Amino acid sequence: MILLYGLDLWTTFSPLLTPRWQQGVASLKAFFRRIGVLQ
1 MILLYGLDLW
11 TTFSPLLTPR
21 WQQGVASLKA
31 FFRRIGVLQ
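Residue numbering for the sequence shown follows the UniProt record's numbering, starting at 1 and increasing by one per position.
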């Protein structure tokens, strides 16, 4: 639940942090996939 909450916060606030937020989300998903969180 905490992980999903963090992802929701990330997708909410990342557009404010960088104009390249889509790239940031993609890299974050790649990171989670690499550590085995996402299948």
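No residue lacks a Cβ here, since even glycine has one placed at the ideal position from N, Cα and C.
Predicted model only: the values in this text are computed from it and were never measured.
Where does residue i fall in DSSP's three states?
| i | result |
| --- | --- |
| Gly6 | helix |
| Thr36 | Going by the sequence as given, residue 36 is Gly instead of Thr. Three-state result, Gly36: coil. |
For the putative contact between residue i and residue j, defined by C-beta atoms under 8 angstroms, what is the C-beta separation to the nearest angstrom?
| i | j | result |
| --- | --- | --- |
| Thr12 | Val25 | Actually they are not in contact, since the Cβ atoms of Thr12 and Val25 sit about 11 angstroms apart, beyond 8 angstroms. |
Taking C-alpha atoms, which residue in the options lies nearest to residue i?
| i | options | result |
| --- | --- | --- |
| Gly6 | Arg34, Gln23, Leu28 | Leu28 |
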